[in-house]
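Okay, structure first, notes after.
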Amino acid sequence: MNNEMGRFGTGPKFAVLGIVYGVIIFVLHYALFPTLTFMLFSRWMNIALGTVFILAGIPLFIISGIMVHRHIDKGELCTTGVYAYFRHPLYAAWVVLIIPGIVIITGSVIAVSWPIFLYILFKAFTVEEEKYLKEKFGNEYSKYEKEVNAVFPKIWKRYGGIETRYTIQ
28 MNNEMGRFGT
38 GPKFAVLGIV
48 YGVIIFVLHY
58 ALFPTLTFML
68 FSRWMNIALG
78 TVFILAGIPL
88 FIISGIMVHR
98 HIDKGELCTT
108 GVYAYFRHPL
118 YAAWVVLIIP
128 GIVIITGSVI
138 AVSWPIFLYI
148 LFKAFTVEEE
158 KYLKEKFGNE
168 YSKYEKEVNA
178 VFPKIWKRYG
188 GIETRYTIQ
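In structure tokens:
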């Protein structure tokens, strides 16, 4: 394994494969199965909900990118801000919010496989990133990995001064 990982980690591979898959899915959808769609309650509901997902994902992606690159410049592990809730918020923005938002807006049943494909890519590609981070940051990263989920955040609630953790797996 390299002692250094590129500034963008495995993100570029993830992006290229994700885009290619998305293009193929939508070409198949519109060429062969244009009527194979789903609707929540109405077309406008699909558009509204999908837009909410996308509008939540874009700032998550931007903020995460800014934060991690500031920490990379300092040679530090980023564990604050959005990184306190997910270990991989850059991927979460795409896998959990932006791409599902696009799928909901289009209503394409075939495209439902797109975020699933991206999650599989994420799991495969981040093995390399996490190995690198464990080598570079040692116990600090191991502790962080145990406490913070990868793309689905842990939800904290306070009851009478006692913290209770609800985890979405």
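For the sequence shown, the positions run 28 to 196 when the numbering used here is used. Glycine residues also receive a C-beta, built at the ideal position from the N, C-alpha and C atoms.
Item to complete: Return the Cβ separation of S169 and K161 in integer angstroms, given the expectation that the two are a contact with Cβ distance under 8 Å.
Response: Your pair S169 and K161 checks out as a contact, with CB atoms roughly 6 Å apart and the cut at 8 Å.
Practice prompt. Taking A151 as part of the alpha helix (DSSP H), name the residues at either end of that continuous run.
Written response: Where A151 is concerned, the enclosing alpha helix (DSSP H) stretches over 140-164.
Fill in: At least 3 beta-carbon pairs within less than 8 Å: the stretch 43-55 vs the stretch 136-155
Verdict: yes, contact present.
Fill in: Backbone secondary structure at S91 - three-state DSSP
When DSSP states are grouped into helix, strand and coil, S91 belongs to the helix group.
Fill in: Spatial neighbours of A74 in its chain, beta-carbon cut-off 7 Å, leaving aside the 5 residues before and after
According to the sequence as given, residue 74 is Ile; it is not Ala. Excluding five sequence positions before and after I74, the CB atoms of its chain that fall closer than 7 Å to its own CB belong to I132, given in chain order.
Worksheet item: Quick one: Cα of T106 to Cα of T62, how far?
Response: Rounded to whole angstroms, T106 and T62 show a C-alpha spacing of 45 Å.
Fill in: Cutoff 6 Å; reference I81; Cβ partners in own chain excluding five residues on either side
Shown here for I81: same chain residues with a beta carbon closer than 6 Å to its own, the five before and five after excluded, namely I125, G128 in chain order.
Worksheet item: Which value, in whole angstroms, describes the spacing of the CA atoms of H56 and Y48?
Response: Inter-residue distance for H56 and Y48 is about 12 Å (C-alpha atoms, whole angstroms).
Worksheet entry | Pairwise C-alpha distance: A119 and P86 | Computed Cα separation, rounded: 12 Å.
Worksheet item: Looking only at C-alpha atoms, which of F149, F164, K158, K163 sits nearest to L117?
Response: Check the Cα spacing between L117 and each of F149, F164, K158, K163: the tightest is with F149.
Worksheet item: How would you call G165, buried or exposed, if buried means at least 16 neighbouring beta carbons within 10 angstroms?
Response: Classification for G165: exposed.
Worksheet entry | Integer Cβ distance of R114 from N176, believed to fall under 8 Å | Their Cβ separation, rounded to whole angstroms, is 7 Å, which keeps R114 and N176 in contact under 8 Å.
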